[in-house]
Amino acid sequence: MKNQPHQVETIPAFLEGGGEMGALTRKYDWTSTSLGSFRNWPLNLQLVVSTLLHSRFPMFLFWGPELIQFYNDAYRPSLGTNGKHPAALGQRAEECWPEIWSRIKPLLDKVMQHGETVWYENLCLPIYRNGALEDVYWTFSYSPVKGEQGTIDGALVVCTETTASVLAANKIKETSDQLSFAIDAAELATWDFNPVTRCFRGNFRLREWFGLDGSAEDIALQSAMDAIAEKDRAAVRKAIERALQISSGGNYEIEYTITNAKTGQERIVRAKGKALFDNEQQPYRFTGTLQDITAEVFGRNQRQKLLKLVDNSVDLMSILELNGTNSYINAAGRDILGISQDADVSQIPISDFHTPDQIAFVESNIIPTVMGKGRWAGEFAIRHGQTGEIIPLYNNCHRIDDLETGEPIGVGAVMRDMRPELNARKILEEKVKERTKELQQLNEELEKKNQDLASFAYVSSHDLQEPLRKINTFISRIEEAGNNADPVKLKEYFRKIKNSATRMQQLINDLLSFSRLDTSDTEKEPTDLNVLLASVRSDLSESIKRTGAVIEAGNLPTLNVVKYQFHQLFTNLISNAIKFTGVDNTPMITISATTSQAGEEKIAESHFSGGYLHIRVQDNGIGFEEQYSQRIFEVFQRLHDKNQYEGTGIGLSICKKVVENHEGVIRAEGIPGKGACFHIYLPMENE
Numbered sequence: 010m011k012n013q014p015h016q017v018e019t020i021p022a023f024l025e026g027g028g029e030m031g032a033l034t035r036k037y038d039w040t041s042t043s044l045g046s047f048r049n050w051p052l053n054l055q056l057v058v059s060t061l062l063h064s065r066f067p068m069f070l071f072w073g074p075e076l077i078q079f080y081n082d083a084y085r086p087s088l089g090t091n092g093k094h095p096a097a098l099g100q101r102a103e104e105c106w107p108e109i110w111s112r113i114k115p116l117l118d119k120v121m122q123h124g125e126t127v128w129y130e131n132l133c134l135p136i137y138r139n140g141a142l143e144d145v146y147w148t149f150s151y152s153p154v155k156g157e158q159g160t161i162d163g164a165l166v167v168c169t170e171t172t173a174s175v176l177a178a179n180k181i182k183e184t185s186d187q188l189s190f191a192i193d194a195a196e197l198a199t200w201d202f203n204p205v206t207r208c209f210r211g212n213f214r215l216r217e218w219f220g221l222d223g224s225a226e227d228i229a230l231q232s233a234m235d236a237i238a239e240k241d242r243a244a245v246r247k248a249i250e251r252a253l254q255i256s257s258g259g260n261y262e263i264e265y266t267i268t269n270a271k272t273g274q275e276r277i278v279r280a281k282g283k284a285l286f287d288n289e290q291q292p293y294r295f296t297g298t299l300q301d302i303t304a305e306v307f308g309r310n311q312r313q314k315l316l317k318l319v320d321n322s323v324d325l326m327s328i329l330e331l332n333g334t335n336s337y338i339n340a341a342g343r344d345i346l347g348i349s350q351d352a353d354v355s356q357i358p359i360s361d362f363h364t365p366d367q368i369a370f371v372e373s374n375i376i377p378t379v380m381g382k383g384r385w386a387g388e389f390a391i392r393h394g395q396t397g398e399i400i401p402l403y404n405n406c407h408r409i410d411d412l413e414t415g416e417p418i419g420v421g422a423v424m425r426d427m428r429p430e431l432n433a434r435k436i437l438e439e440k441v442k443e444r445t446k447e448l449q450q451l452n453e454e455l456e457k458k459n460q461d462l463a464s465f466a467y468v469s470s471h472d473l474q475e476p477l478r479k480i481n482t483f484i485s486r487i488e489e490a491g492n493n494a495d496p497v498k499l500k501e502y503f504r505k506i507k508n509s510a511t512r513m514q515q516l517i518n519d520l521l522s523f524s525r526l527d528t529s530d531t532e533k534e535p536t537d538l539n540v541l542l543a544s545v546r547s548d549l550s551e552s553i554k555r556t557g558a559v560i561e562a563g564n565l566p567t568l569n570v571v572k573y574q575f576h577q578l579f580t581n582l583i584s585n586a587i588k589f590t591g592v593d594n595t596p597m598i599t600i601s602a603t604t605s606q607a608g609e610e611k612i613a614e615s616h617f618s619g620g621y622l623h624i625r626v627q628d629n630g631i632g633f634e635e636q637y638s639q640r641i642f643e644v645f646q647r648l649h650d651k652n653q654y655e656g657t658g659i660g661l662s663i664c665k666k667v668v669e670n671h672e673g674v675i676r677a678e679g680i681p682g683k684g685a686c687f688h689i690y691l692p693m694e695n696e
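Below, the structure written as structure tokens:
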């Protein structure tokens with residue numbers, strides 16, 4: 010509810026002051042909410058609102074079953090601009106916080122239903138403010154506000170926004186993590202040698218690799234040399250001696266093996282360093298790094314194994330030379346292309362593997378992209394050399410560069426045969442379609458059930474309690490009257506108690522009938538509607554006799570239906586026709602059935618793909634306005650006062666449920682004072 014000006018009146022003491030939010034609270038039209046005028050607010054609400062408005066600490070209040078909202082100036086900045094302020098004041102919590110309702114409602118339930126106090130620190134609750142959804146961090150507590158009788162009337166939120174501090178802490182941690190990651194990602198050991206003092210130092214990683222004491226700052230040079238594999242020591246010494254000569258430019262690079270003195274683990278390293286010289290051309294510092302290349306060397310040794318693996322892959326793998334000929338196609342590729350295993354692939358033009366359109370695409374798109382960007386990937390197709398079959402592939406091409414010059418020397422391609430995948434995808438798509446249809450139907454059913462549950466909640470909280478209240482009222486009057494009660498009044502009280510009890514029983518019976526449509530046995534059986542109608546006439550004989558109702562029915566078909574449900578359908582339609590006939594009219598009810606083809610009526614055209622059965626139930630009752638043709642089928646919806654026409658408002662809902670259970674459609678037409686006609690459409694397979 011928006012802030013609205015209303016008639017100026019004297020402000021009570023508890024609403025005085027309070028800054029901007031105090032002024033908005035005084036201006037707000039509280040009579041438009043369930044709280045009513047602030048002059049009638051309970052004392053505990055007055056006290057907590059006064060405390061909230063005058064607090065300099067951010068505070069927020071949810072009040073009553075609807076969780077009507079209050080907040081103070083200190084809280085106001087957390088709502089930002091172009092967001093929830095000032096609409097949040099007086100608004101229901103569920104309407105105000107849709108983006109986080111699933112998270113805060115359980116917290117409010119703990120407070121409002123169980124009296125628990127909840128507290129969170131730096132909790133992220135995204136809210137809409139400043140024209141966008143923002144991640145906002147809060148430290149807050151939810152506390153119950155109790156009334157004089159011990160009831161929990163509200164939830165007081167004492168909070169502070171910690172977004173800035175949380176984001177700052179996260180940024181610091183992120184920067185620290187990035188620095189640590191960069192250091193660790195390099196995976197380098199570092200060393201520093203002074204040729205004059207012979208002092209040798211290394212970082213933790215170097216000492217760990219060499220198996221040296223990790224706590225000592227200086228490292229014995231001989232201990233480091235002893236860790237170098239004996240086969241490499243002479244070469245390392247020679248490389249160091251050369252680097253310490255001015256003529257070498259101080260450059261040092263060598264690969265060798267080290268053995269951990271503690272664990273015996275071998276590691277192959279690449280050493281790179283630089284010697285610095287003074288004005289006398291004497292070295293005064295020699296520093297460098299060690300990189301673990303064990304995996305790289307191992308990779309070199311594995312290349313032959315990899316070639317073997319490639320040649321046994323199920324994917325087509327090939328190498329295209331820059332002159333446009335294939336120099337290599339693996340065994341799987343030869344099978345896919347229809348090439349013999351001993352054929353010289355370099356002598357087969359690549360145009361033999363493609364349609365003219367495909368070869369044009371290779372030359373105009375794939376090759377230029379690979380040469381320019383280094384890679385091309387996408388769906389592709391080749392032609393089988395023997396059968397001519399066009400085979401769909403997923404092609405992943407990479408430019409192959411010379412390791413020394415970096416110049417391109419060819420194109421490598423890995424192509425996956427997509428036929429199995431496409432077949433599986435087609436099957437999956439069909440299954441997804443089927444499952445989607447099933448889920449759609451389930452969602453529709455769930456939506457209907459949710460609507461029914463909402464209606465059930467309404468009747469349990471209103472319609473069922475109404476007769477109970479009346480019964481309690483008249484019992485109280487009888488008790489108050491005691492022995493001096495007027496017999497006439499007593500008789501009237503008992504009559505009203507009986508009427509209320511009867512109405513409650515009718516409501517319960519109708520609720521049971523409605524719920525039974527989902528939970529009871531729904532097995533269909535061939536049912537002669539003429540016989541079923543005779544049974545309904547018998548059940549309604551008293552009403553028919555009392556009103557003189559005339560029921561005319563043509564020859565009705567035999568349908569495959571749930572018998573008791575169709576008995577309810579005819580019972581409710583006929584009893585409604587009798588009930589809603591003017592006092593001066595004799596109820597005239599006509600029932601007929603015809604078969605039709607889809608398209609003959611708009612309602613059938615949109616619902617049925619084939620023929621359908623059309624049942625009409627026509628009466629001469631009071632009718633209804635056309636605008637109510639849908640509402641009359643809603644649960645517990647009535648067009649007339651219950652004192653004017655008896656009933657619970659469930660009967661036509663039952664009719665609709667029965668027809669839908671039989672995959673049909675029901676609609677109603679009415680003319681005020683002229684009567685109503687109910688049209689029932691059922692698919693022909695019910696016959």
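To convert, take the position in the sequence shown, counting from 1, and add 9; that gives the working numbering. The C-beta atom is built at its ideal place from N, Cα and C for all residues, glycine as well.
Status (buried if at least 16 other CB within 10 Å, exposed otherwise) for residue i
i, result
"TYR690", "buried"
"ARG246", "exposed"
"LYS637", "Here the sequence assigns Tyr to residue 637, which means Lys is not the residue at that position. Exposed: under 16 other Cβ atoms inside 10 Å."
"VAL571", "buried"
"GLN574", "buried"
"MET424", "buried"
"PRO496", "exposed"
"ASP351", "exposed"
"TYR502", "buried"
"PRO86", "exposed"
Reduced DSSP category for residue i - H, G, I as helix; E, B as strand; rest coil
i, result
"VAL145", "coil"
"ALA102", "helix"
"GLU634", "coil"
"THR580", "helix"
"ASN212", "coil"
"ASN405", "strand"
"GLY563", "coil"
"VAL205", "coil"
"SER336", "strand"
"PHE286", "strand"
"GLN653", "Low confidence applies to GLN653: its pLDDT is 44, below 50, so where it sits in the model is not reliable, and the reading given next is rough at best. Residue state, collapsed to three classes: coil."
"HIS123", "helix"
"ILE659", "coil"
Beta-carbon proximity of residue i to residue j, cut-off 8 Å
i, j, result
"ALA341", "LEU325", "yes"
"TRP200", "THR266", "no"
"MET68", "LEU165", "yes"
"ALA270", "PHE219", "yes"
"ASN564", "ASN539", "yes"
"PHE47", "PRO21", "yes"
"HIS576", "SER605", "no"
"LEU176", "THR298", "no"
"ALA83", "PHE71", "no"
"ASP140", "ASN91", "It is Gly, not Asp, that sits at residue 140 in the sequence shown. Contact flag set, yes."
"GLY89", "TRP39", "no"
"ILE391", "HIS363", "yes"
"GLY697", "THR34", "There is no way to answer for residue 697, as the model of the chain reaches only from 10 to 696."
"PHE154", "ASN53", "Reading the sequence as shown, one finds Val at residue 154 and not Phe. Going by C-beta atoms, VAL154 is nearer than 8 Å to ASN53."
"ASP426", "LEU402", "yes"
Residue i CB to nearest heavy atom of the ligand NAD below 7 Å
i, result
"GLN274", "Here there are no bound small molecules, and the ligand NAD is not part of this structure."
CB contact check: residue i to chain D, cutoff 8 Å
i, result
"GLU447", "Among the chains of the structure shown, chain D does not appear; only one protein chain is present."
Candidates the options: closest to residue i by CA position
i, options, result
"SER544", "VAL306, VAL205, LEU578 and GLU289", "LEU578"
"GLU561", "ASN585, LEU549 and ASP628", "ASP628"
"THR334", "THR272, ARG276, GLY419 and GLY347", "GLY419"
"ILE328", "GLN231, TRP110 and ILE338", "ILE338"
"GLU289", "ASN310, ILE255, ALA304 and GLU453", "ILE255"
"GLU551", "GLU330, SER584 and GLU532", "SER584"
"CYS133", "THR148, GLU157, ALA677 and GLY124", "THR148"
Nearest-angstrom Cβ-Cβ length linking residue i and residue j, presumed shorter than 8 Å
i, j, result
"GLY684", "GLY630", "5 Å"
"GLY679", "PRO692", "About 26 Å separates the two Cβ atoms, so there is no contact after all."
"GLY211", "ILE237", "The Cβ separation is near 13 Å, so there is no contact."
"ASP222", "ARG216", "7 Å"
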